[in-house]
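These notes concern the structure reproduced below.
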Amino acid sequence: MISGLPPRSRNCFGAGFPIRLPTPPARSTIPIDISPSSLVRSAAAAPPRRIIGLMPTSRAATSEVVPPLRDRIRLVAQTLLLRALQRVARLAPIEEKVVFASSRAAELGGNLLWIHDAVRRELPTARVVTLLRPLHARGSNVVARGLSYLRFMWRTARELATARLFIVDDYFFPLYVLPARSGTFAVQTWHASGPFKRIGYAVLDKSFGTNDWSVRYLPIHTNYAMALTGSRESAVHYAAAFNMTEGRFVTSIGIPRTDAMFGAERIARIGAEIRARYKIPSGKRVVLYAPTFRGATVRSASTPQNLDLAALSARIGGTAVLLVKEHPFVKARLQIPEALRSFAIDVSDYPDINELMLISDIMVTDYSSAIFEYALLERPMAFFAPDLADYEEERSFFWDFRTGVPGPIFTESSALADWLAAPTHDLAPVRAFRARWIEIADGRSSERFARQVVAPLLAGRTPEVEWADGRRDSSSA
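One gets this note's numbering by counting positions in the sequence shown from 1 and adding 103 to each.
Okay, structure coming up:
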């Protein structure tokens, strides 16, 4: 076990047992040598075994697994390439600009989009750069993929070396190889509005995600200057997942993507557009079905096939429609039988799940972090989770799923259908869930980020925020 990592057990993030990390000596609590020479020696010395998750995709792993030699060499090569590019890029001075970066998206979305638009609106003269590389559109052959990768690595090294503010919302491999330059402020906004499925250092004992070996040679997440979180309780869990102290999390801004749940005129306009696009009949209740993906890697992501659409249609088809929104990682869509397509409508090509929530009367999910945003609407939720035991074994949760979710849990489609058919549902669990996890949500979080983080940094000042440990300055904890 690596020194400085939080203790773990089968339910190490269970309710009533928060994990607090020790204060790091500088950036990371992991006393290791990740110099190129050290990486090369380690790559040659360790015996090859099963593949683990080193890159942005997660792979089957345990804390005892060591990757095969080819993957260790690839890690070394990528590290050396990025550091060589960085040496050249750092010859240029830091510029007063904001960079929005993602290695998993073809276009801005979620927190990045909301902050980007707020910066454009609040600070129209600010220089803004987007740095994007979609997972599934990287060239049709080895040469094309290689050239795409080299271009992205060079752009990343250049922008990270010269940005005043560098903002990400997910795992971003180059940022862990190339810690932000002195004078550059790196911010993690994370794409979930609260802690649900375990990530990062919290899955070192699971088959999903990274493990001890990979974080020993490439510490991930530890070098953000700031990370956004929706509540102080959320900061406790994310601090463990990122191997950071709670003092580097900000709770006074809110989560920018939750701004989508506010604004009556905008909500009415979006609702009308979605209804017209998918020919959703008026007068029927709208049930949004939004499961998360299954599978050990992003590229093998699939949708669960255990929901009986015919049973739902037979029970509620006369009064409701079902919108099926699959996870963005899933490429092989759920096959809806022709006879059910007037009831079950595939809306997976719609880019923003938050906008789909706005027209939905009820949401059914399994383990999707969309529950945090949906709670803001104070509408009923149900959880269809027949594979819960398997999912807990593979990945698990930051808190106890069975007692913590804001709605009933079902394992049979018929029971779920009966619940959906009920005219009313208890909203008390939804309101309690919202109060627990989201302290600030008023439609102005992205505006606050632009005014309290971006504007001060571009003007040479520290962010004007309150940190999770109560500080009101920008020094790292």
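Note that the Cβ used here is the ideal one computed from N, Cα and C, for glycine as well.
Treat the numbers as computed from the prediction; the structure is a model and nothing was measured.
> If you scan the region 231 to 287 from start to end, which runs of the alpha helix (DSSP H) of 4 or more residues do you find wholly inside it?
Replying inline: 245 to 265 and 276 to 280
>> Please report the straight-line C-alpha distance between Asn346 and Ala442, rounded to a whole angstrom.
In response: Position 243 of the sequence shown, counted from the first residue, corresponds to residue 346. Position 339 of the sequence shown, counted from the first residue, corresponds to residue 442. When rounded, the distance between both Cα atoms is 50 Å.
>> Give the list of continuous alpha helix (DSSP H) stretches no shorter than 4 residues that lie fully inside the region 431 to 488.
In response: 456 to 461 and 474 to 479
> Would Glu496 be called buried (16 or more neighbouring beta carbons within 10 Å of its own) or exposed?
Replying inline: On the sequence shown, residue 496 is found 393 positions in, with the first residue counted as 1. Glu496 is exposed by the Cβ-count criterion.
> Distance, Cα to Cα, Ala520 vs Arg284?
Replying inline: Counting from one through the sequence shown, the residue named residue 520 turns up at place 417. Counting from one through the sequence shown, the residue named residue 284 turns up at place 181. Roughly 55 Å between the two C-alpha positions.
> For the candidate residues Arg254, Gln555, Ala305 and Lys200, whose alpha-carbon lies nearest to that of Gly286?
Replying inline: Translated into positions along the sequence shown, residue 286 becomes position 183. Per the Cα distances, Lys200.
> Roughly how many angstroms separate the alpha carbons of Ala266 and Ile197, rounded to a whole number?
Replying inline: Translated into positions along the sequence shown, residue 266 becomes position 163. Translated into positions along the sequence shown, residue 197 becomes position 94. Rounded to whole angstroms, Ala266 to Ile197 spans 6 Å at the Cα level.
> Under three-state DSSP, which class holds Gln291?
Replying inline: If you number the sequence shown from 1, residue 291 lands on position 188. Gln291 falls in the strand class under three-state DSSP.
> Which ranges does the alpha helix (DSSP H) cover as unbroken runs of at least 4 residues, wholly within the region 493 to 577, from first to last along the chain?
Replying inline: 504 to 507, 516 to 524, 531 to 540, 548 to 552 and 558 to 561
> Just how far apart, CA to CA, sit Asp455 and Ser549?
Replying inline: Counting from one through the sequence shown, the residue named residue 455 turns up at place 352. Counting from one through the sequence shown, the residue named residue 549 turns up at place 446. A straight line joining the alpha-carbon of Asp455 with that of Ser549 spans about 17 Å.
>> Looking only at its chain, what residues have a beta carbon closer than 8 Å to the beta carbon of Arg369, apart from the 5 residues adjacent to it on each side?
In response: Within the sequence shown, the letter at position 266 stands for residue 369. Result list for Arg369: empty, nothing under 8 Å.
> Exposed or buried, Ser317, counting other C-beta atoms within 10 Å across all chains shown (16 or more means buried)?
Replying inline: Working through the sequence shown from its first residue, we reach residue 317 at position 214. Flag for Ser317 reads buried.
>> Just to confirm before moving on: does the CB-CB distance between Val339 and Ile270 stay below 8 Å?
In response: Translated into positions along the sequence shown, residue 339 becomes position 236. Translated into positions along the sequence shown, residue 270 becomes position 167. No, they are not a contact pair.
> Rounded C-beta distance between Pro566 and Val533? I'm assuming under 8 Å.
Replying inline: Against the sequence shown, residue 566 aligns to sequence position 463. Against the sequence shown, residue 533 aligns to sequence position 430. 32 Å between Cβ atoms; not a contact.
>> Can you give me the C-alpha to C-alpha distance between Val568 and Leu194, rounded to a whole angstrom?
In response: Looking up residue 568 in the sequence shown gives position 465. Looking up residue 194 in the sequence shown gives position 91. Straight-line Cα distance between these residues: approximately 32 Å.
> When we look at the beta-carbon of Gly119 and count the other beta-carbons within 10 Å, is it buried (16 or more) or exposed?
Replying inline: Walking along the sequence shown from the start, residue 119 turns up at place 16. Note that Gly119 scores 35 on pLDDT, short of 50, meaning its location in the model is unreliable; the coordinates nonetheless yield the value given after this. Exposed, since its Cβ has fewer than 16 Cβ neighbours within 10 Å.
>> Using the three-state DSSP reduction, which class does Asp136 fall into: helix, strand or coil?
In response: The residue labelled residue 136 in the question sits at position 33 within the sequence shown. The predicted model places Asp136 with a pLDDT of 39, which falls under 50 and marks its position as unreliable, so this point remains unresolved.
> Thr228: buried (16+ other C-beta within 10 angstroms of its C-beta) or exposed?
Replying inline: In the sequence shown, residue 228 corresponds to position 125, counting from 1. That one is exposed.
> Going by C-alpha distance, which of Gly212, Ser337 and Ala524 is nearest Lys387?
Replying inline: Numbered from 1 along the sequence shown, position 284 holds the residue referred to as residue 387. Measuring from the Cα of Lys387, the nearest candidate turns out to be Ala524.
> Based on the DSSP output, what are the partners of Met329 in its beta bridges?
Replying inline: Walking along the sequence shown from the start, residue 329 turns up at place 226. The partner list for Met329 (beta bridge, DSSP) reads Val290.
> Which residue's Cα is closest to the Cα of Ile541: Ile512, Tyr477, Pro489 and Pro483?
Replying inline: What you label residue 541 is simply residue 438 of the sequence shown in a count that begins at 1. Taking only the C-alpha atoms, the option nearest Ile541 is Tyr477.
> How would you label Arg190, buried or exposed, when you count the other beta carbons within 10 angstroms and need 16 or more for buried?
Replying inline: By one-based count along the sequence shown, residue 190 stands at place 87. Per the 10 Å Cβ criterion, exposed.
>> Per the DSSP calculation, Ser205 is bridged to which residue(s)?
In response: By one-based count along the sequence shown, residue 205 stands at place 102. Paired residues: Leu235.
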